[in-house]
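Notes for the one structure printed next.
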Amino acid sequence: MTLDQTTLFVILLAALAFFVWGRWRYDVVAIGALLAAVFFGIVPAGQAFVGFGHPAVITVAAILIISRALHHSAIPGLLASGMAPFGRHTTLQVAALTFLVAIFSSFMNNVGALALMMPVALQLASKTGRPASVVLMPLSFGSLLGGLVTMIGTPPNIVIANYRTTISGAPFGMFDFSPVGIGVAVVGVCFIGIIGWRLLPQRKGDALTNAAFAQIEDYITEVRLEGTSKYVGATLQELEALNEDVAVVGLIRGERKFLAPSRYLRLQEGDVLILEADPETLRALVNAAKLELIGSEGLSIETIHSNDVSLIEAVVPPGSKMESQTSQDLRLHDRFGINMLGVARHGLPVKERLGRVRFQAGDVLLLQGETAALFEALSELGCLPLAHRDLRLGKRRRTLLPVGIFAVAIALTAFGVLPAAIAFIGAVFAFILFNVLSLREAYESVEWPIIVLLSAMIPVGQALETTGGTSLIGGVFVGISEYLDPPMILVLLMIATMLLSDIMNNAATAVLMAPIAASVAIGLGVNTDSFLMAVAVGSSSTFLTPIGHQSNTLVLGPGGYKFGDYWRMGLPLDILIVAVGAPLILYFWPL
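Below, the structure written as structure tokens:
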């Protein structure tokens with residue numbers, strides 16, 4: 005083993021450890037690995053940023069933008085509204101939801117398809133009295149299974165398709181993944197709908213009724229502003245400045261009630277304030293501002309929302325602006341006029357003072373504010389509302405045009421008229437030209453952490469080849485050929501890829517495992533396409549942990565799952581995928 009190989013393996017192992025640790029975001033870890041490789045001379049400085057112009061990266065960015073446009077169309081909403089008849093039977097409901105999200109995910113970003121269907125699933129579960137834990141993990145897994153079907157269904161497929169160009173001079177086509185992907189997806193969806201959901205914890209309640217938010221009613225209290233208080237005539241903002249951990253959720257003045265009142269409203273003697281705070285914080289505020297404590301009799305969650313002022317739950321997705329920030333850092337009340345009333349993490353209430361809680365991906369927040377302001381804030385912060393808003397998922401006037409443009413891009417790619425990157429960037433250009441999306445919406449649609457991750461890992465993956473690291477690892481698999489035949493080695497490679505993708509971002513897994521797979525195939529003297537397909541299936545089979553894919557992280561909080569819940573359904577699903585996927589690969593892509 006050469007010095008460069010040793011150094012690169014140390015860098016990759018360190019990166020893997022940081023991915024597992026999760027303290028730093030995956031794009032930061034990837035940049036750190038790239039900089040380390042440049043510092044030690046493994047990646048030439050002039051080649052450090054070639055990944056940002058790589059066709060796979062451009063294609064991923066384009067698909068993210070296209071997914072946003074499709075999300076705005078009415079077609080998903082129309083299909084989702086047809087889910088109501090399946091609500092009577094759990095098996096039918098889970099199977100229908102999983103099947104629909106898999107279809108969307110075949111042509112949309114995985115997370116976009118999941119975000120589209122989560123409110124539908126929660127609404128149906130609430131109406132039928134089923135726990136959210138029964139429907140959300142199947143929905144997440146369905147989004148991953150659907151991504152296997154086409155080249156654009158998931159970033160690993162795009163990476164694998166483009167990597168094939170370096171071996172055979174041509175990428176995989178749009179539907180080259182379909183024969184294997186459809187078979188695996190159909191079997192996986194059937195398993196989830198019939199057996200899988202039964203293996204999940206049947207926790208009572210859902211995101212709307214769990215203990216984290218049930219306790220809020222215990223912290224709602226009325227106080228009256230006494231005439232002797234120095235805050236008579238002051239603004240609500242000045243009163244709130246006494247303690248940022250107190251939320252003024254309502255104000256009663258005579259016969260009028262103001263919910264989520266303006267911070268600039270001037271207080272009058274006799275005003276009754278409805279506060280949300282823990283007992284210690286409330287006591288301090290009452291003493292400091294000379295307020296008369298009335299009590300909480302008759303107060304409930306219903307007291308603090310109306311037709312114009314909503315209470316809404318939202319989940320913090322991976323990559324959101326809210327990650328690692330507090331509500332005070334984000335100035336939620338100052339900027340948007342909304343109050344944060346509760347935070348749940350893994351289905352349990354967060355006990356810290358709310359203003360000091362640093363948000364994590366998967367956290368569920370309970371927010372109060374004017375309805376329009378709430379959804380504007382969530383859009384700007386990149387937070388996903390769990391209310392469905394009456395199934396109005398799209399704007400009907402934008403239905404046919406984006407779908408038509410997208411269909412043309414798919415056809416141009418499928419028939420080899422244009423490379424995928426050019427065809428889909430052309431579709432994005434057409435969206436903007438015909439005002440389907442604004443420029444701002446287009447830029448906001450791109451998940452920049454994913455783009456940075458791929459762009460940083462591509463040069464590192466190339467260095468794995470140039471240093472001979474792939475040949476070294478491939479040689480280990482080739483050496484096993486004395487004891488196992490090539491089909492079994494393909495299975496081992498698929499399993500190794502699955503396990504790696506469960507602790508490391510699946511796109512990064514595909515970047516690293518694709519050259520290793522090619523090296524193994526070349527060493528065995530067999531078809532490289534077979535082994536690349538095995539990596540494609542394995543890198544998208546991230547079913548054992550909540551950290552391997554953003555979809556799994558996204559349902560962690562709303563479903564009230566624990567880290568160990570994922571393998572309950574994920575492990576048998578992984579075994580099933582290997583049992584079905586490997587024979588399909590060998591049939592359609594013979595060795």
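Mapped onto the working numbering, the consecutive letters of the sequence shown carry residue numbers 5 to 595. The beta carbon of each residue, even a glycine, is placed where N, CA and C say it ideally should be. Fair warning: this is a prediction, and the values are worked out from it, not measured in the lab.
In terms of alpha-carbon separation, which member of the options lies closest to residue i?
i	options	result
I551	W25, T307 and T10	W25
I156	F428, T501, H93 and V42	F428
A281	E301, G274 and V252	V252
V347	G341, Q372 and G323	Q372
L104	V190, N161 and S475	V190
W201	G574, A238 and V320	G574
D31	Q127, W452, A446 and L229	W452
T158	P594, G341 and S71	S71
N291	A37, S300, V320 and L229	L229
L2	L488, M141 and G45	It is not possible to answer for residue 2, since the shown part of the chain is limited to 5 through 595.
V368	A165, P562 and Y268	P562
E226	E486, L240 and I278	I278
A424	A37, L577 and A174	A174
P490	L560, L590, F22 and H93	L590
R335	G366, E384 and P353	E384
F176	G478, G146 and P160	P160
L560	Y167, I15, L143 and S182	L143
Can you tell me the Cα-Cα spacing of residue i and residue j, whole angstroms?
i	j	result
R270	F262	12 Å
A264	G386	22 Å
R393	E242	Any answer about R393 is weak, because its pLDDT of 45 lies below 50 and its placement is not dependable; what the coordinates show is given next. Going from the Cα of R393 to the Cα of E242 covers about 34 Å.
L2	R257	Here the chain comprises residues numbered 5 to 595, so residue 2 is not present and cannot be evaluated.
G529	E380	57 Å
L548	I581	13 Å
G564	M326	20 Å
M178	S544	17 Å
R29	E248	29 Å
S266	T63	45 Å
I198	F56	43 Å
R360	L126	29 Å
S505	T513	6 Å
H75	L128	20 Å
L204	T102	15 Å
A19	I520	18 Å
N510	V464	15 Å
R401	A413	Its pLDDT being 44, under 50, R401 is placed unreliably in this model, and the value from its coordinates should be taken loosely. Their backbone Cα atoms lie some 21 Å apart in a straight line.
A100	H350	26 Å
A598	F419	Given that the chain is displayed from residue 5 to residue 595, the structure contains no residue 598 and the question cannot be resolved.
T285	V250	7 Å
L422	L416	6 Å
H337	T307	20 Å
V42	F481	29 Å
M344	E448	24 Å
S324	E486	49 Å
L395	L39	Summary for L395: the model assigns pLDDT 39, below 50, so the residue's position carries little reliability; its value from the coordinates is reported in the next sentence. In a straight line, the C-alpha of L395 is about 46 Å away from that of L39.
V539	A376	45 Å
F340	Y268	13 Å
I507	D312	44 Å
F626	R572	Outside the modelled stretch of the chain, which goes from 5 to 595, sits residue 626, for which no answer is possible.
I454	V515	13 Å
Would residue i pass as a contact of residue j if the rule is Cβ separation under 8 Å?
i	j	result
V124	I196	no
A73	F435	yes
G568	V541	no
A467	V47	yes
L405	V456	no
M517	V184	no
T532	I171	yes
I484	I493	yes
L149	V193	yes
S233	A288	no
S314	L378	yes
P322	Q554	yes
F111	T154	yes
F53	L577	no
A66	V432	yes
Just confirm the distance between the C-beta atoms of residue i and residue j, as a whole number of angstroms; I'd bet it's less than 8 Å.
i	j	result
N113	L68	5 Å
R362	S310	Not quite, the Cβ-Cβ distance comes to about 31 Å (not below 8 Å), so this is no contact.
V320	Q364	7 Å
L390	E317	4 Å
V596	F23	Missing from the structure shown is residue 596; the chain here goes from 5 to 595 and no further.
I600	S331	There is no way to answer for residue 600, as the model of the chain reaches only from 5 to 595.
Between residue i and chain D, is any beta-carbon pair separated by less than 8 Å?
i	result
L39	Looking for chain D here will not work: only one protein chain is present.
Review point. Counting Cβ pairs, one atom from each stretch, are 3 or more of them under 8 Å apart for the region 517 to 531 and the region 125 to 137?
Key: No, the region 517 to 531 is not in contact with the region 125 to 137.
Check your understanding: Is the number of C-beta pairs between the region 6 to 17 and the region 469 to 477 that are closer than 8 Å three or more?
Key -> yes
Exercise for review: Evaluate contact between the region 134 to 147 and the region 402 to 417, counting only Cβ atoms and requiring at least three cross-stretch pairs below 8 Å.
Suggested key: no
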